[in-house]
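If you're matching positions, the sequence shown starts at -10 in this note's numbering and goes up one per residue.
For reference, the structure is listed below as structure tokens.
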Amino acid sequence: MFHQTLFEASSPQTFMLSPQGDRQKLIYDSRSATAGAYFQDTWDLSDKVKLESGLRADHIRYSNVNFKKNESFLLPRISALLKLSNKVSSRIGGGLGYKIPGIFTERTESMQYRDITALDNVEAEKSAGATADVNYKAKLGEAFSLSANQLFFYSRVSKPLVLEERADMTYMFVNASKPVISKGFETNVRLVFKDVLKLFAGYTFTDVRAAYLHHNQELPLMPRHKINAVLMYEKEDNFKLGLEGYHNGAQYLYNGTRTPSFREFGFMAQKTFGKISVFINFENFTDERQSNYKRVANGPLDNPSFDDIWNHTEGRVINGGIKIRL
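Right, dumping it as structure tokens:
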């Protein structure tokens, strides 16, 4: 995630990990401090057009056992809200961002940080992005209401931090010379019948390309297609029933293989007795998990290797509780 805070400072943290096959310990000791200033302005051009702009200036100092670096960033952003009618509105915006380098990523975590060398002479990733959406709200007769949102997004990350394998079988982070480009859209619809029966449905298409990859440039562990749906039946201060379902499309792993798509479902129920509510959740009751397709841990128990995590590692989860309203 790219920086959003106004001021950040962190004390050094030391991580001591044993590489495979010996007792040697790698120590990752890093320190970073960020100081910044932020300016924001909201301008109502008319009842139908509003502009919001901001400018942030950050100065960062980060260091580890190998190097020290200072970087400064000027981060403008702007967005416009357009009220096209009583039913239709739109928001358009864009801005710049950054992320300081670090070794703690999903991929290095799956490797248990073994054989990962400390950062050396790398710099922050820089991003530029924009979004645009259209919102629609309307009544459909006396019983139904409809709301919909259509969002489009685009981002470009320059000098992304990439993990590379070296000749001595260790891994090192470097800044790639070519960017990561993400674009796509998200559609969400909400249909309500008499404030009792509610249907939420959404679809997300994400196309993420890493230009530094030589063959297949689709970024690993990033499904192109996602679908979500929730059906809720509710009587206020009485009971609530909900059924949800999710579809995740196929995605590539770091070794180049392609996973199958998968679906998961959940159910919840809640009953209210005055100020006391009793609820129960059945999450992933169809028992969707990665181990249904292949073992996640490979090799001997004293020195295992682990596959990329692209699905649930747990199966069915059932939980419940009591809520008391004071």
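Using N, Cα and C, we set each Cβ at its ideal position, and we do this for glycine too.
Quick caveat: nothing in here was measured; it's all calculated off a predicted structure.
Rounded straight-line distance, which links the Cα of residue j to that of residue i
i, j, result
"F28", "A46", "9 Å"
"L(-5)", "R284", "Residue placement at L(-5) cannot be trusted, given a pLDDT of 32 that sits under 50; the coordinates are not used to answer."
"A380", "T193", "Lying before the first or after the last residue shown, residue 380 is absent from the chain, which here runs from -10 to 315."
"A117", "V146", "7 Å"
"A119", "S144", "6 Å"
"N244", "N59", "35 Å"
"N53", "D18", "6 Å"
"D11", "A190", "Residue placement at D11 is poorly supported in this model, since its pLDDT is 39, which falls under 50; the coordinates are not used for a value here."
"N177", "A121", "14 Å"
"A137", "R103", "47 Å"
"E95", "Q101", "10 Å"
"Q13", "V111", "Per-residue confidence for Q13 stands at a pLDDT of 35, beneath the threshold of 50, marking its modelled position as unreliable; no derived number is given."
"T195", "E175", "8 Å"
"P149", "Y51", "17 Å"
"V197", "K88", "18 Å"
"L73", "F182", "26 Å"
"L15", "N270", "Any reading at L15 must be qualified, since the residue scores a pLDDT of 48, below 50, and its modelled position is unreliable; the value itself is stated next. If I take the Cα positions, the gap works out to 43 Å."
Three-way DSSP call (helix, strand, coil) for residue i in this model
i, result
"D11", "In this predicted model, D11 has a pLDDT of only 39, less than 50, meaning its place in the structure is not dependable; the value taken from the coordinates is given anyway. D11: coil per DSSP, three-state reduction."
"Q279", "helix"
"W32", "strand"
"S52", "strand"
"R314", "coil"
"K86", "Checking the sequence shown, residue 86 turns out to be Gly, not Lys. Correct three-state label for G86: strand."
"N308", "strand"
"A132", "coil"
"H214", "strand"
"A24", "strand"
"V151", "strand"
"N164", "strand"
"P289", "coil"
"H236", "strand"
"V111", "coil"
"H301", "coil"
"G255", "strand"
"S250", "coil"
Limits of the unbroken alpha helix (DSSP H) element including residue i
i, result
"S99", "E95 to S99"
Residues that DSSP places opposite residue i in a beta bridge
i, result
"F228", "K224 and K260"
"V146", "S116 and V169"
"L44", "F28 and P65"
"N124", "S78 and N138"
Unbroken beta strand (DSSP E) run spanning residue i, endpoints
i, result
"I269", "I265 to E272"
"D196", "L186 to A199"
"K72", "K57 to K72"
Residue i at chain B interface by Cβ criterion, 8 Å
i, result
"R252", "Here there is only one protein chain, and chain B is not present."
Any contact of the stretch 152 to 162 with the stretch 122 to 129, i.e. 3+ C-beta pairs under 8 Å? no
Three Cβ pairs or more, each shorter than 8 Å: is that satisfied between the stretch 272 to 279 and the stretch 293 to 301? yes
Between the stretch 26 to 44 and the stretch 56 to 75, do at least 3 Cβ pairs fall closer than 8 Å? yes
Touching or not, the stretch 160 to 168 and the stretch 180 to 187, by the rule of three or more beta carbon pairs under 8 Å? no
Say whether the stretch 197 to 206 touches the stretch 220 to 234, bearing in mind that this needs 3 or more beta-carbon pairs closer than 8 Å, one atom from each stretch. no
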